[in-house]
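*Asks:* Numbering (this note's numbering), first residue to last: -16 to 174. In this text, a Cβ means the ideal position worked out from N, Cα and C, and glycines have one as well.
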Amino acid sequence: MLGLLGVVGCGGPPSDVGTSDVQLPYTVTFAEHIAPLVWEHCMPCHRAGQIGPFPLVSYTDVQRKAKMVRFVTTERYMPPWPADTAYARYLGERVLNERQIALIARWVEQGRLPGDTASLPDPPDHPDAPPLGEPDLVVPLPDTAFIPGDARDRFLIAKAPWELPRDTFVRAIVFEPGNRALVHHMNGGLI
């Protein structure tokens, strides 16, 4: 009995992404499966004028970087989301689920098939308008910080003294960097 439990309880090595219990289509194509993922999760940063160092907008863009995209998504390095999703979930979090990661891996393994790219709609427009609509209040920083574009992380503290006439509930804060190609993370607090 003990020997049987050992065989049943100890399986082989864990499966690679894309071959696990996740249900995937037999053939994965850019047009049908990958473009919607990339446009939703990658393109907000990987497009002209944003922090991503290269665009991920078209089939050509993505297929050129496909092996890297597979690696960084499998390792959960991208899309960047430092919060621990095992601890708490957040509205608007940018994480890929197991199925999405497996789709990317299978697409690369199958040779980065384009699919029917002629039927693809244009990539979505990501307007530079505030993501939560027009703000009730805009608090500018008193000084502009110089950040050299040398690919090194810099951590700066900036205070924006502001006083409201009465206690106010804050439901959302949006940071708008002056140069999106250099600023990729901002944290804030209210005192």
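1) Leaving out the 5 sequence neighbours to the left and right, which residues in its chain are closer than 6 Å to P104 when beta-carbon positions are compared?
2) Within a Cβ cutoff of 7 Å, which residues of the same chain sit near G(-6), ignoring the five residues on either side of it in sequence?
3) As a quick exercise: from P110, M169, F152, G161, pick the residue whose alpha carbon is nearest that of R137.
4) Classify R53: buried if its beta carbon has 16 or more other beta carbons within 10 angstroms, exposed otherwise.
5) Beta-carbon within less than 6 Å of H16's beta-carbon, same chain only, minus the 5 sequence neighbours each way: which residues are those?
6) From V(-9) to V5, what does the alpha carbon distance come to, in whole angstroms?
7) Between E76, Q83, Y42, which lies nearest to V55 when the distance is taken from Cα to Cα?
*Replies:* Let me spell this out:
1) Walking along the sequence shown from the start, residue 104 turns up at place 121. Excluding sequence neighbours, P104 sits near nothing in its chain.
2) Along the sequence shown, one-based indexing puts residue -6 at 11. Legend: pLDDT at G(-6) = 34, less than 50; position of this residue unreliable, no value from coordinates given.
3) Walking along the sequence shown from the start, residue 137 turns up at place 154. When only C-alpha atoms are compared, the closest one is M169.
4) Here residue 53 is taken as the residue at index 70 of the sequence shown, counted from 1. R53 should be labelled buried.
5) On the sequence shown, residue 16 is found 33 positions in, with the first residue counted as 1. L86, listed in sequence order.
6) In the sequence shown, residue -9 corresponds to position 8, counting from 1. In the sequence shown, residue 5 corresponds to position 22, counting from 1. Note that V(-9) scores 33 on pLDDT, short of 50, meaning its location in the model is unreliable; the coordinates nonetheless yield the value given after this. Their backbone Cα atoms lie some 21 Å apart in a straight line.
7) Position 72 of the sequence shown, counted from the start, is the residue given in the question as residue 55. Of E76, Q83, Y42, the residue nearest in Cα terms is Q83.
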